[in-house]
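*Asks:* Heads up, the sequence shown is in the numbering used here, so the first residue is 360 and it goes up one at a time.
The structure that follows is given in the form of structure tokens.
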Amino acid sequence: MTISSGELVRRNAVFAATGAFAGLPFPTSDTLQVLGCVDSRVDPGDVLGLQLGDGVVMRNIGGRITPAALREWALLGRLGGDQSPGGHLVILQHTDCGITRLADYPEQLAGKAVADPYAAVRIDAAIARHALPPGRAVSGLVYDVATGLIEIADPATGQ
Ligand SMILES: [Zn+2]
Numbered sequence: 360m361t362i363s364s365g366e367l368v369r370r371n372a373v374f375a376a377t378g379a380f381a382g383l384p385f386p387t388s389d390t391l392q393v394l395g396c397v398d399s400r401v402d403p404g405d406v407l408g409l410q411l412g413d414g415v416v417m418r419n420i421g422g423r424i425t426p427a428a429l430r431e432w433a434l435l436g437r438l439g440g441d442q443s444p445g446g447h448l449v450i451l452q453h454t455d456c457g458i459t460r461l462a463d464y465p466e467q468l469a470g471k472a473v474a475d476p477y478a479a480v481r482i483d484a485a486i487a488r489h490a491l492p493p494g495r496a497v498s499g500l501v502y503d504v505a506t507g508l509i510e511i512a513d514p515a516t517g518q
């Protein structure tokens, strides 16, 4: 069941009344950065317990490192002006991901491993470490939708 615009406005009024948004600094390159899947069950803010201002979150199908995702993270690194890109990029993938249902469309996945999220996140972390400028720590986590727990599949390097 979808949520109406009116309901979203009502929910936003509750949020606005908390004042949690006030005075937050604009995120720069030296912050937590999370790449997660669009699946509504695995919102990185909820899964990782993030509060507003804790990190920059990007989501795509599968939480995969793609050429588009790399371009976005590279641009984000420039928001800090002359600062060298830093921070910690967390790639968050999960069990029972819908991307496994796209295995019949390999041309859309550019040969990516999709059946095993632990293998996939290690591949993506390696790609990110190689493709992004140095100075940013990269780690790969897998969220288990059955237990609600995350596991570090590929620990951070570069910190
Ligand atoms: Zn997914």
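A virtual CB, placed ideally from N, CA and C, is assigned to each residue, including glycine.
The structure displayed is predicted, hence computed values, not measured ones.
1) Need the endpoints of the alpha helix (DSSP H) that D483 sits in, please.
2) For G457, verify whether its CB is less than 6 Å away from any heavy atom of ligand 1.
3) If you reduce the DSSP assignment to three classes, tell me which class I420 lands in.
4) DSSP on S498, reduced to helix/strand/coil?
5) Whole angstroms is fine: what's the gap from V401's alpha carbon to Y502's?
6) Around the Cβ of P493, are there at least 16 other Cβ atoms within 10 angstroms (buried) or fewer (exposed)?
7) Report the rounded CA-to-CA distance for T516 versus A381, giving the unit in angstroms.
8) Leaving out five residues before and five after R488 in sequence, what residues of the same chain have Cβ atoms less than 6 Å from its Cβ?
9) Give me the residue from S399, L500, R481, V393 with the minimum Cα distance to D413.
10) Take the Cβ of Q452 as the centre, count every other Cβ of all protein chains shown within 10 Å, and call the residue buried at 16 or more, exposed below.
*Replies:* To lay it out plainly:
1) Numbered from 1 along the sequence shown, position 124 holds the residue referred to as residue 483. Annotation for D483: the continuous alpha helix (DSSP H) segment containing it runs 476-490.
2) For the purposes of this step, residue 457 is taken as residue 98 along the sequence shown, with counting starting at 1. Answer for G457: yes, Cβ within range of ligand 1.
3) Taking the first residue of the sequence shown as position 1, residue 420 is located at position 61. Three-state result, I420: helix.
4) Here residue 498 is taken as the residue at index 139 of the sequence shown, counted from 1. In the structure shown, S498 sits in a strand (DSSP, three-state: E or B).
5) What you label residue 401 is simply residue 42 of the sequence shown in a count that begins at 1. What you label residue 502 is simply residue 143 of the sequence shown in a count that begins at 1. About 8 Å.
6) Position 134 of the sequence shown, counted from the first residue, corresponds to residue 493. Residue environment for P493: exposed (fewer than 16 other C-beta atoms within 10 angstroms of its C-beta).
7) Residue mapping note: residue 516 aligns to position 157 of the sequence shown, counting from 1. Residue mapping note: residue 381 aligns to position 22 of the sequence shown, counting from 1. The straight-line gap from Cα to Cα measures roughly 33 Å.
8) What you label residue 488 is simply residue 129 of the sequence shown in a count that begins at 1. Cβ neighbours of R488 beyond the five flanking positions: V497.
9) Walking along the sequence shown from the start, residue 413 turns up at place 54. Checking every option, the nearest Cα to that of D413 belongs to V393.
10) Start at 1 with the first residue of the sequence shown, and residue 452 comes out as number 93. By the neighbour-count rule (16 or more Cβ atoms within 10 Å), Q452 is buried.
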